[in-house]
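Working notes for the structure below.
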């Protein structure tokens, strides 16, 4: 019995410490794609530059694995990556990903296609990563398992309707769109958000919104946090913010 327990413990330790061979290979491809750019200063990196095969890749900084050794979480925030992330990125081959954080990088490109391949993703943070242009709502709207979505700063939703972005996000609880150019009035963006009654936290500061605010906002009964500062400057808001249940 003692020998069996020792064997079982050793197997659990192996799984938790070493990810699967194909997962390690994909992560090394991600590293090579993101670090080999003309303008990237690797001295800014505290995660990618330390990935090496001397230790199990589930122990690499920013990497989380599930019990079977699949990569389930990838946090590459604040690496100040410059380029190297496009439609062919190996990140989109990490099929077991549940959490992806690319915040505070320097991509200077549109959001690539491929996020809809990550069918298990529940957390996606692309905030302040210098993605520019229109939000690819046709892809993000099909990521139906998302619980948290943060695409704050620099992006544009003025052409693509906010309602199209959120219409299928039936599990979303935290939505952060600060600094995204939405440019719509109260009735339109509130109607869009009423499609996601699960919403608990909403942050839409500096989104070029204008009033008046509609009382229908109170129908989001699970909403406990809302930020709308730096909006409603043109035309001025004519109604006070409706009282929300907290």
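In mature numbering (1 follows the signal peptide of the UniProt record, and there is no 0), the protein residues as written are -17 to -1, 1 to 229. We treat Cβ as the ideally placed atom computed from N, Cα and C, and that holds for glycine. Owing to the predicted nature of the structure, the values given are computational and were not obtained by experimental measurement.
Within the segment 141 to 223, complete beta strand (DSSP E) segments of at least 3 residues are found at 157 to 159, 184 to 186 and 208 to 210, given in chain order.
Residue state for residue 106 is assigned as strand, using DSSP reduced to three classes. Less than 8 Å separates the beta-carbon of residue 84 from that of residue 108. Among the bridge pairs identified by DSSP, residue 117 is matched with 139. Annotation for residue 89: 63, 65 and 113 place their beta carbon closer than 6 Å to its own, counting only its chain and skipping 5 residues before and after. Within the DSSP secondary-structure output, residue 40 pairs in no beta bridge. Its chain contains 151, 152, 153 and 154 as the residues whose beta carbon lies nearer than 8 Å to that of residue 127, once the 5 sequence neighbours on both sides are disregarded; these appear in chain order. DSSP places residue 19 in the coil class of the three-state scheme, outside both helix and strand. For residue 99, same chain residues with a beta-carbon under 7 Å away, outside a window of 5 residues either side, are 122, 125 and 126 in chain order.
With respect to the C-alpha of residue 167, the residue from 131, 215 and 101 having the closest C-alpha is 215. Counting the other CB atoms within 10 Å of its CB gives residue 118 a total of 16 or more, which places it among the buried residues.
Comparing alpha-carbon positions, the option among 35, 21 and 27 lying closest to residue 61 turns out to be 27.
Per DSSP, residue 2 has no beta-bridge partner at all. When the five nearest sequence neighbours on each side are left out, the beta carbons in the same chain lying within less than 6 Å of the beta carbon of residue 23 are those of 65, in order along the chain.
DSSP lists no bridge partner for residue 69.
In this structure residue 7 is buried. Its beta-carbon is surrounded by 16 or more other beta-carbon atoms within 10 angstroms. Judged by DSSP in its simplified three-state form, residue 35 adopts coil rather than helix or strand.
Of the residues assessed, residue 202 falls on the exposed side of the cut-off, its CB having fewer than 16 other CB atoms within 10 angstroms. Secondary structure at residue 13: helix, using DSSP grouped into helix, strand and coil. Residue 99: not part of any beta strand (DSSP E); DSSP gives it neither H nor E. Across the structure, residue 51 and residue 105 are spaced so that their CA atoms are roughly 19 Å apart.
In the three-state reduction of the DSSP assignment, residue 60 falls in the coil class, being assigned neither a helical nor a strand state.
Put simply, of 186, 213 and 169 the residue whose alpha carbon is nearest the alpha carbon of residue 207 is 186. Boundaries of the beta strand (DSSP E) around residue 133: 131 to 133.
Beyond the five residues adjoining it in sequence on each side, residue 76 comes within less than 7 Å, by CB distance, of 9 in the same chain, given in chain order.
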